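Chemist:
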Amino acid sequence: MIELALISVLVMIGAALAVVFVRGLMAAVAAAAVVSLALSVLFAVLRAPDVALAEAAVGAGLSGVLLALTLRRVGLWPGSPSGDGDRE
Amino acid sequence: MTDAMLLAEALGDVLYTGAIGLILLGLYAMVVPRHLVRIVLGLLLVQSGVNLFLVAVGYRPEAAAPILLGGQAIGPVVDPLPQALVLTAIVIGVGVLALALALVVRVKDVHGTLDSREVAERMAAETGDSRLMPETAPGRGAAVPAREMLEDRS
Amino acid sequence: MKGYGRAVAATIFLIGLGTLLAALFAALPFGQAPMQVGQATAVVALPETGATNIVSAILLAYRGLDTLGEVTILFVAATAAGMVLSGAGRGEAQGAPAGFILRVASGLLFPFLLALGAFIVVHGHLTPGGGFQGGAILAAAFFIPLLANPASPLNHTVAMVIEGVSGAAFIAIGAAALFGGEAFLTPLFGTGTPGELFSAGSLPLLYLAVGLKVGSELAGLMARVAGEGGRA
Amino acid sequence: MSLLDLLLLLSLLTTLYLYAFGNHRNAGHLGMVVYAVATGLVIAMAGPLADGTGAVGSTFAPVMLGHVLSWSMDGLGWFFALLTTGAAFFASWYMSGEWNAEQPNKRIQHGTLALNVFCMLLLLSSGDLLSLFIGWEFVSWAAFLMMTQLGSHAARAAFRYMLYALAGAMAVFAAILIVKAQIGSFAFADLRAAVPALSDGLKWLLFGLFGLGFGVKMAIVPFHLWQAPAYSFTPGASSAFLNAVSARMGLFAILLVLGKLIGFATLSDLALPLIPMDAKTLLMWVAAITMVVPTFIALMQTDARMLLTWHGIGQGGYMLLGVLVATPLGTAAGLMHVLNYASYQMALVLAVFAVIHRTGTADLDELGGLIKRMPFTYLALLMGIIGLAGLPPMNGFVSKWMIYKSLLDTQQPLLLIAAFVGTLGTILSVYKLIHNIFLGQLRAEHQKVGEAPGSMLAPMLILAGIGFATGFFPGLALGVVDVAQAALGVELLPHGLGGVYLATGSLNMIWVVGIMIGAIGFGAFVFYVIGNRRYGVHQFDNYAGGHFLSADIRYHFSHEFYPGLARLIGPWYRGSVVNMENGLMIGLKTAGDLWHGAFRIAYTPFYLLVALAIGLWWAGLDGGF
Amino acid sequence: MIGTAHQIVLPVVLPLLAAFLLPLVGRLHVWPARLLGQIVGVLHLAVVAYLWTLVGGGETIVSALGGFAPPLGIVLYADRLSVLFLLVLSVGILLFWPRREHGGTRADTLTLLLLGGGSGLVLSGDLFNIFVFYEIVAVASYGLAASGGNAAGFGAALRYLLLSALGSALALLGIALVYGAAGTLNLADLSVLAPERLSGPMGLAAFLLLVLGFGVKAELFPVNTWVPEVYTAAPTRVTAILAGVVSKLSMVVILRLLVLIFADPGAQTLLLVLGLAGVIAGELAAFRAPDLNRTFAFSSIAQLGLVAVAFSIPDDLGIAAGIAVAVHHAVVKPGLFVIAGHWTGPIERLGGAARVSRPAAIAFVLLSLSIIGIPPFPGFWVKLLLLGEAFAAVDPVYALAGAVILAATVVEAAYLFRAAALMWEPPEGDNRPPAAFPLARLAPTLVLTLLILLAMGAVSPLGEALEAMAAEVGDAAIYVGNVLPGRI
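Protein chains in written order, with my numbering: chain Y, 1 to 88; chain V, 1001 to 1154; chain B, 2001 to 2232; chain W, 3001 to 3625; chain A, 4001 to 4488.
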């Protein structure tokens, strides 16, 4: 169990580093979703299934979708018509 | 000190480190980068870190999840209260996130930029002279005279 | 370079803050928190409310006002987001229907997600999950078809009616107790047989209201951010 | 209902009435009647006050937040109240006739005058420290309202005054709150009883705060910068009233709090470390500097009003010095100087405003030769400057002589020299005043100027006459002073109608004036009758260097009147105090800009981060987590 | 005597219920929805007035929601303090009900939610529940801040949101610390347990986090950077509500926390330092503010700093002074913001304002005098109460704070009267005088000015009521005894 926690924390911190420092915002958003997933694993480890479920559904799923939609809307999604890519 | 306690301590260290790491990285992302989306992501990280800490506070080694399958209490359970709190906090978080993103979309719309400093400057320029501007003017804020008025007036 | 100055200053403060936080957290020995209220609740939750999921019992019974507040926050956020975006231009990537696979998949997914969400919501008082998690899935169920075919707008009126009525229902269920001279949100209908679907008194009803409200609000939020908010 | 109630109610109703209906042409007359009645009421109060311990209380005593506010007038307040209502009477008289007819904002002028009178009476009858502070604020703001009447310049000057006054008021506020915290009461008697038990540090603190607060109103150096412009840019009668009375409120408060409650004796026991000086001597030196510096600044003024108001600051120094001597003679001198100053300064200011009324200017470079055009104004001004300069036969001489004498008696030669230097400066500058306005060549544009109307002449002449009468018979004024002196607990000064009678030397003005008039009459007799100088020279009938001068050639020497002195004083003129004030303003602005900028920074969470880090560090300081 | 009137929940759920249904009504037509909103506002006021009749004599109402005895369930707690601020909230929101903006009925919905959330904030007796209601208020205020539909409004709202949400996250961390250390969230329960479990650095750290979190809305230094931006960019009425009412609600929460849980010198010092820094920063920045809106924004930061200083004085009268400052500010500042909202633009352009609209200029002067603290206006008595306490406090640090406040008063007078004096001047150069003030727009200001003038005549009764209220609030034992009878 501790191994799982350790791996999840490592993944989480790594993803969080990516959220902060990676250049593209799309990648950052994806990394944020990874943070949420790792977090939900941690919640499961902590015997909080409700929270894990919520984090996975809301944190990783919904928030990620919202962020992605926003990026698309403000033209930071690589494929968006008038977008200048996701560079800041 | 038993193995179980050592193990719990190690788990605690790992989790606390994770929570602190998320909080610090989130704070960094809110303070240093200037892109508003990045700042929003930083906020997300801080919230996640706090949530993790809150759940970790309620953890108890060798206790079951607070769901009484079969309708019976079997042994100790981990503290359900922080879990309920975190559940609430997560939903609050997503609400705030959605509003933040809506504002991001709109700020991009009206200011033409998502750079925090530029937005601040444009706002200062706009509110320097008059209050209500026609809203359908993306990228407005180039009103130089208004900016001058904000400068030193003896 | 000015930017670096800030980064360096922030890093210094953050390192200091991290040390302090570590020291602070260390003062709360892991796994040994007093948590007296939590444990007390865990003991009495089942007999008092009839819900086997203690977290749900806390959310709906002991801390029902929190939950009301929480759905309210979503509602506030949705309203505010609607207001903020109501004058905005349409999203940039509108109009182009998604590919065949997504369309078909969304068609298949819709009933599945709907059923899953509903299941999670109504079993919230028994098993992990509940109004929020289920509501999120319901929201996805309604939102994915929208992604697949942007031309078919989310029916805002329906969403709004669900949103308003379910919120009002939550308050109405809570306020019903007031007329009996009890406090707001006092569970009704007794506890039933723990573990059964129809148990835990009015809690499943509350969770249903929460699930519907959360689902409609989240769907509305996503639709608005996606650029569908112009008409609401 | 006591007499005090009646007095306060009367002035309050007058204020309300005049604010509403002050535009009526009879407002000035109404004011005269009211102030005459008020003066009568004040005089009627004298009876119970004469023995020094009595007081006329008010039945109005509201309880505010558990503090009973009380008002009661003792001899000290009575003395200043008499001054106030009297000055208001003359001011109102001045405004009753032609002046009244030509002013655009009569309602405000009459209303603010009445308001000031009311507020001052309230202050003068305050019965505890809290009502004293409330009265103090009222007086400050009422004066502010009076000063802003003319807008622009006046408003700026008034604004400056307000900042000074408010800073002073805050010092007073702090002081009374400290008193309250220490002795648990706002009552005068409690403070008086508790003073001996207070620590030296606390006494210094109270001395400093009260001295600062009340000193600002008195315009003692270095808090004097506001006064001259603020008083000068106020219209006519209001200006005269402010000059005569307003700054005296500071003296009243100093006498009441530092003199009566804390006690000048207590102050002289407060020794400064390192240098041989105590708190009282320190204040006396401040008074001495206030006598000298503003007087020489007055010398440099080119605006008649500014010249007079700068003198007003210096004259305040004499009064403060006199009362600080604290002997029967010194106290009487200081208090008498208050009355004397009020009479001649009012006459002077009213005369100058009469000149402005006729010529439209008070610029000393733009006037001259008005003696034939406005002879009665000239007479009033002449009598006034004689009083201001402290020369016989006017009353200014009596009080100044008493001040010199008290300094001599208490062996303070340095202060005596300062007083003489101040008087010298006064004499020099008042000559400039009368010369530049009335003597010399009449300007072409003033050929048609006529004498001021009777409604304006009468008050100033009567005031000048009072100045002469109390110079001739100082006993008239000393009798009034006795009441205040008794209330202060100072031994009464032995005096008669003609002057003071002391073991160390007496002054009998009846003899002085008598001899003077006799000598002057003899001189005139010699000059006019024996010397046969019976015709006057026409004002334009002049020549210089063998040339006859016509009226369009300016030969009237008025610009840069004292060039040598100007070179001497010039560097001091905009000196350290002005720089200090500027520096303070610049510092304030810079600090404001810094904070303002800090709020405009783009990365606001940064503050949160910093505060959090520092706060947590601080929280962990004692004992760690 | 404890009444267990469960109606206490009505001020919370009534507006929420109406808010949920308002969009449906608004779907039909706008005006019935707006009418519904305002009717509920009036109803709220009526309920609050009724509650006042219940608690006005010193009684308290405790309602354990769901019938679950505290500390397991959430309790709502109404004493005079709570109901007083409910009253302020209710009246403030009714006076400044938002105008009809382009967002249809959404502003009305948000206002109702603000009303309900704010009511919950002052009534709640549970730490996390307070957090939830705080978030409702916060999110509603983000939305309202952007409701002007102007570009600056969106930017300001976003930056406000980011700061405030970060603060909330930190407050949640503080709550986590409190729960981790004490194991309960009920304020009364915490009050009993705090001396044992939350004393020392841990409690101080938790308090710091909570104050920095809740302090965002209370405009506490240094988390008040959003204030000038939002108050300038938001619609006037929203500004009036945020500055006048919402900030006070957060201060009430901080007061409850301070009195019940963190009643130790460290926490008091912290609040004193933050409050004093706010006073200094606010007054100095206001001194250099370019327009009236920013002037008042900064001045309100300073006033909230005064409240914090007052609350930090370890004495019941300090609490009374703090409440007095808060209520006084809640009455005065919205009125001033209405004026600032109409006369925008640089202060220098105010020339001629008094000629254009004398009532507005006079109201400005009267309210300014009161806020500076000139007798006989209520502001003076408020300052007397505050400073009297500061100078009487045992710790000489408070006397120093009092001196700073006195000095700040002079600065305050300087900038307020610079503006006031300008109003009576003719316009500078060929500037036009500011726009005339329609009486309808000025009405709230006039109402509030009248209120101030009326309060002048009732200083003593008000002061006594305040002191009684403060004595009740300041005694944690009363609170604990009411919520958890038998624990003390």
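Virtual Cβ for every residue (Gly too), placed ideally from N, Cα, C. None of the values given here were measured: they were computed from a predicted structure.
Between GLN3411 (chain W) and PHE3207 (chain W), what straight-line distance do the alpha-carbon atoms span, to the nearest angstrom?
Modeler: Here residue 3411 (chain W) is taken as the residue at index 411 of the fourth sequence, counted from 1. Here residue 3207 (chain W) is taken as the residue at index 207 of the fourth sequence, counted from 1. When rounded, the distance between both Cα atoms is 24 Å.
Chemist: Step through the CB atoms of chain V and report whether any lies within less than 9 Å of the CB of LEU4185 (chain A).
Modeler: As a first step, residue 4185 (chain A) is located in the fifth sequence; it is residue number 185 there, counting from the start. At least one chain V Cβ lies under 9 Å of LEU4185 (chain A).
Chemist: Using a Cβ-Cβ distance under 9 Å, would ARG3600 (chain W) count as near chain V?
Modeler: Along the fourth sequence, one-based indexing puts residue 3600 (chain W) at 600. Cβ-Cβ to chain V under 9 Å: yes for ARG3600 (chain W).
Chemist: Taking contact to mean 3 or more Cβ pairs, one atom from each stretch, closer than 8 Å, check whether the stretch 3278-3297 of chain W and the stretch 3204-3220 of chain W are in contact.
Modeler: In the pairwise beta carbon analysis, the stretch 3278-3297 of chain W is classified as touching the stretch 3204-3220 of chain W: at least three pairs are separated by under 8 Å.
Chemist: What first and last residue would you give for the beta strand (DSSP E) that runs through ILE4061 (chain A)?
Modeler: Within the fifth sequence, residue 4061 (chain A) is the residue found at index 61, counting from 1. From DSSP, the beta strand (DSSP E) with ILE4061 (chain A) extends over 4060-4064.
Chemist: Mark PRO4434 (chain A) as exposed unless 16 or more other C-beta atoms lie within 10 angstroms of its C-beta, in which case mark it buried.
Modeler: What you label residue 4434 (chain A) is simply residue 434 of the fifth sequence in a count that begins at 1. That one is buried.
Chemist: Using CA coordinates, which residue listed in B:THR2157, B:ASP2066, B:GLY2201 is at the minimum distance from THR2049 (chain B)?
Modeler: Position 49 of the third sequence, counted from the first residue, corresponds to residue 2049 (chain B). Taking only the C-alpha atoms, the option nearest THR2049 (chain B) is B:GLY2201.
Chemist: Pull up the distance between the alpha-carbon of GLY3211 (chain W) and that of LEU3166 (chain W), whole angstroms please.
Modeler: Taking the fourth sequence and counting its residues from 1, the one referred to as residue 3211 (chain W) is at position 211. Taking the fourth sequence and counting its residues from 1, the one referred to as residue 3166 (chain W) is at position 166. The alpha-carbon atoms of GLY3211 (chain W) and LEU3166 (chain W) are separated by roughly 14 Å.
Chemist: Counting along the chain, where does the beta strand (DSSP E) carrying TYR4077 (chain A) start and finish?
Modeler: As a working note, residue 4077 (chain A) is residue 77 in the fifth sequence. Run containing TYR4077 (chain A): 4075-4078, per the beta strand (DSSP E) assignment.
Chemist: Which residues of chain V have a Cβ atom closer than 7 Å to the Cβ of ARG73 (chain Y), listed in chain order?
Modeler: Residue numbering aside, residue 73 (chain Y) sits at position 73 when the first sequence is read from its first letter. Under the 7 Å cutoff, chain V gives VAL1105.
Chemist: Going along chain A, which residues have a C-beta under 7 Å from GLN1047 (chain V)?
Modeler: On the second sequence, residue 1047 (chain V) is found 47 positions in, with the first residue counted as 1. Chain A residues near GLN1047 (chain V): ALA4169.
Chemist: Can you tell which of A:PRO4375, A:ALA4390, A:ALA4476 has its C-alpha closest to the C-alpha of GLY3135 (chain W)?
Modeler: Taking the first residue of the fourth sequence as position 1, residue 3135 (chain W) is located at position 135. That would be A:PRO4375, whose Cα lies nearest to the Cα of GLY3135 (chain W).
Chemist: LYS3405 (chain W) to GLY3312 (chain W), Cα distance in whole Å?
Modeler: Position 405 of the fourth sequence holds residue 3405 (chain W). Position 312 of the fourth sequence holds residue 3312 (chain W). Their backbone Cα atoms lie some 22 Å apart in a straight line.
Chemist: If you run the structure through DSSP and keep just helix, strand and coil, what is ASN3395 (chain W)?
Modeler: The residue labelled residue 3395 (chain W) in the question sits at position 395 within the fourth sequence. Residue state, collapsed to three classes: helix.
Chemist: Could you tell me how far apart the beta carbons of ILE3403 (chain W) and TYR3318 (chain W) are, in whole angstroms, since I believe they sit closer than 8 Å?
Modeler: Locating residue 3403 (chain W) in the fourth sequence gives position 403, counting from the first residue. Locating residue 3318 (chain W) in the fourth sequence gives position 318, counting from the first residue. ILE3403 (chain W) to TYR3318 (chain W), Cβ: 6 Å. Contact.
Chemist: Taking only runs of the alpha helix (DSSP H) that begin and end inside the stretch 4394-4450 of chain A, which ones reach a length of at least 4 residues, in chain order?
Modeler: Scanning the stretch 4394-4450 of chain A from its first residue to its last, the whole alpha helix (DSSP H) runs of 4-plus residues come out as 4396-4423.
Chemist: In or out: GLN3646 (chain W) buried (at least 16 other Cβ within 10 Å) or exposed?
Modeler: Absent from the model: residue 3646 (chain W). The displayed extent of chain W is 3001 to 3625, so no value can be given.
Chemist: Might you give, ordered along the chain, the residues of its own chain that have their beta carbon closer than 6 Å to the beta carbon of ALA2093 (chain B), omitting 5 neighbours on each side?
Modeler: Position 93 of the third sequence, counted from the start, is the residue given in the question as residue 2093 (chain B). At ALA2093 (chain B), the pLDDT of 45 sits below 50, so the modelled position is not reliable and the matter cannot be decided from this model.
Chemist: Assuming GLU4229 (chain A) and MET1030 (chain V) form a contact by the criterion Cβ under 8 Å, report the distance between their Cβ atoms to the nearest whole angstrom.
Modeler: Your numbering for residue 4229 (chain A) matches position 229 in the fifth sequence. Your numbering for residue 1030 (chain V) matches position 30 in the second sequence. Taking 8 Å as the upper bound for CB-CB distance, GLU4229 (chain A) and MET1030 (chain V) are not in contact here, some 17 Å apart.
Chemist: Does DSSP put ALA4218 (chain A) in a helix, in a strand, or in coil?
Modeler: Position 218 of the fifth sequence, counting from 1, holds the residue named residue 4218 (chain A). Here ALA4218 (chain A) sits in coil by DSSP.
Chemist: Taking the straight line between their C-alpha atoms, what separation do you get for GLY4335 (chain A) and PRO4444 (chain A)?
Modeler: Sequence index remark: in the fifth sequence, residue 4335 (chain A) carries index 335 (1-based). Sequence index remark: in the fifth sequence, residue 4444 (chain A) carries index 444 (1-based). Separation of GLY4335 (chain A) and PRO4444 (chain A) (C-alpha to C-alpha, rounded to the nearest whole angstrom) is 6 Å.
Chemist: Considering only the beta carbon of each residue, do LEU2185 (chain B) and GLY4104 (chain A) sit closer than 9 Å?
Modeler: Residue mapping note: residue 2185 (chain B) aligns to position 185 of the third sequence, counting from 1. Residue mapping note: residue 4104 (chain A) aligns to position 104 of the fifth sequence, counting from 1. Not a contact, by the Cβ cut-off of 9 Å.
Chemist: Considering only the beta carbon of each residue, do ALA3958 (chain A) and LEU4385 (chain A) sit closer than 9 Å?
Modeler: Look at the range of chain A in this structure, 4001 to 4488, and you will see that residue 3958 (chain A) is not part of it.
Chemist: Mind checking GLY2091 (chain B): buried by the 16 CB within 10 Å criterion, or exposed?
Modeler: As a working mapping, residue 2091 (chain B) is identified with position 91 in the third sequence. Unreliable positioning characterises GLY2091 (chain B) in this predicted model, as indicated by a pLDDT of 48, which lies under 50. A coordinate reading is not provided.
Chemist: With a threshold of 6 Å on Cβ separation, who are the neighbours of GLY3086 (chain W) within its own chain once the five nearest residues in sequence on each side are excluded?
Modeler: In the fourth sequence, residue 3086 (chain W) corresponds to position 86, counting from 1. The residues are THR3039.
Chemist: Is there a Cβ from chain W that is less than 9 Å from the Cβ of ILE1020 (chain V)?
Modeler: Here the question's residue 1020 (chain V) lines up with position 20 in the second sequence. Not one chain W Cβ lies under 9 Å of ILE1020 (chain V).
Chemist: Would GLY4041 (chain A) be called buried (16 or more neighbouring beta carbons within 10 Å of its own) or exposed?
Modeler: As a working mapping, residue 4041 (chain A) is identified with position 41 in the fifth sequence. Answer is buried; the Cβ neighbour count reaches 16.
Chemist: In chain order, what residues of the same chain lie with their CB nearer than 7 Å to the CB of GLU2217 (chain B), ignoring the 5 residues before and after it?
Modeler: The residue labelled residue 2217 (chain B) in the question sits at position 217 within the third sequence. LEU2074, PHE2075, ALA2078, GLU2163, listed in sequence order.
Chemist: Determine whether the beta carbon atoms of LYS4333 (chain A) and ALA4243 (chain A) lie at a separation below 9 Å.
Modeler: Locating residue 4333 (chain A) in the fifth sequence gives position 333, counting from the first residue. Locating residue 4243 (chain A) in the fifth sequence gives position 243, counting from the first residue. Contact: yes.
Chemist: For HIS4328 (chain A), count the other beta carbons within 10 Å of its own beta carbon; 16 or more makes it buried, fewer makes it exposed. Which is it?
Modeler: What you label residue 4328 (chain A) is simply residue 328 of the fifth sequence in a count that begins at 1. Classification for HIS4328 (chain A): buried.
Chemist: To which residues does DSSP link ALA977 (chain V) through a beta bridge?
Modeler: For residue 977 (chain V) there is no data in the structure shown, the boundaries of chain V being 1001 and 1154.
Chemist: Check each residue of the stretch 53-66 of chain Y: if its Cβ is closer than 8 Å to any Cβ of chain B, include it; give the result in chain order.
Modeler: Cβ contacts with chain B: LEU53, ALA54, ALA57, VAL58, GLY61, LEU62, VAL65, LEU66.
Chemist: Going by CA-CA distance only, name the one from A:VAL4227, A:SER4370, A:ALA4419, A:VAL4397 that's closest to ILE4452 (chain A).
Modeler: Your numbering for residue 4452 (chain A) matches position 452 in the fifth sequence. Minimum Cα distance to ILE4452 (chain A) is reached at A:SER4370.
Chemist: Just curious, the alpha helix (DSSP H) that GLU3098 (chain W) is in, first and last residue?
Modeler: Translated into positions along the fourth sequence, residue 3098 (chain W) becomes position 98. GLU3098 (chain W) -> alpha helix (DSSP H) spans 3098-3102.
Chemist: With DSSP collapsed to three states, give me the class of ASP3200 (chain W).
Modeler: The residue you call residue 3200 (chain W) lines up with position 200 of the fourth sequence. Of the three classes helix, strand and coil, the one that applies to ASP3200 (chain W) here is helix, per DSSP.
Chemist: Report buried or exposed for ILE4405 (chain A), applying the criterion of at least 16 other Cβ atoms within 10 angstroms of its Cβ.
Modeler: Walking along the fifth sequence from the start, residue 4405 (chain A) turns up at place 405. That one is buried.
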